[in-house]
Structure formats: C-alpha cells, structure tokens
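Sequential numbering from 1 applies to the sequence shown in full-length UniProt numbering.
Down below is the structure, laid out as structure tokens.
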Amino acid sequence: MKISISIAMAVTLLAGCTPQSLETAPVAVDTPQGQVMCQLYLKEIVQWDRAISHPGSMELEAANAVCVAEGKRRQKG
Numbered sequence: 001m002k003i004s005i006s007i008a009m010a011v012t013l014l015a016g017c018t019p020q021s022l023e024t025a026p027v028a029v030d031t032p033q034g035q036v037m038c039q040l041y042l043k044e045i046v047q048w049d050r051a052i053s054h055p056g057s058m059e060l061e062a063a064n065a066v067c068v069a070e071g072k073r074r075q076k077g
C-alpha cells in the first residue's frame, strides 16, 4: 500500500500538480467535541488530509487525525 501511495505522490509531483489542484470540497465531520472541517485530497493520498477548522477544545493533531480517518473511510467506500 505504501508503495502505491508513493507512486501516486511521485506521479503527482512529476506532473507538476500542486496539492491545491487535488483538493476536494471541504468536508464536515462531527465528533463528540464538535465539528471538524476537513480538506481532503485524492483517495490515494490520505496522508495529506488535514483539518482546516476544529473546536477549540481539540488539539490540531487530533483534528488532523479525524480528517485522515475520514479520508481512509472514504477510500474504503
């Protein structure tokens, strides 16, 4: 799996694409602490998925983990 992700990233970089060109529309994910807004990318590149807003009671690292988990959930989809 890591090999295919690395290949996808290499192809993306060689093609001159920027992460912004691979963005989806922002996605809202409800958590017990509140809503996290996620910026997701291609299904093959979930490690780029990140939080663009999150509740003040949640650390950014935890919010980013929520977004990566959402990307993985959609990847299985």
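Where is the CB? At the ideal position from N, CA and C, for every residue including glycine.
Residue i to residue j span [Cα, whole Å]
{"i": "K72", "j": "K43", "result": "8 Å"}
{"i": "P55", "j": "Y41", "result": "22 Å"}
{"i": "E23", "j": "R50", "result": "11 Å"}
{"i": "E61", "j": "V29", "result": "15 Å"}
{"i": "G77", "j": "C67", "result": "15 Å"}
{"i": "Q20", "j": "E59", "result": "24 Å"}
Residue(s) in a DSSP beta bridge with residue i
{"i": "C38", "result": "V27, A51"}
C-beta atoms of residue i and residue j nearer than 7 Å
{"i": "P36", "j": "A69", "result": "Just to set this straight, residue 36 is Val in the shown sequence, not Pro. No, the Cβ-Cβ distance between V36 and A69 is not below 7 Å."}
{"i": "S57", "j": "Q33", "result": "yes"}
Nearest-angstrom beta carbon gap, residue j and residue i [assumed within contact, 8 Å]
{"i": "P26", "j": "Q39", "result": "6 Å"}
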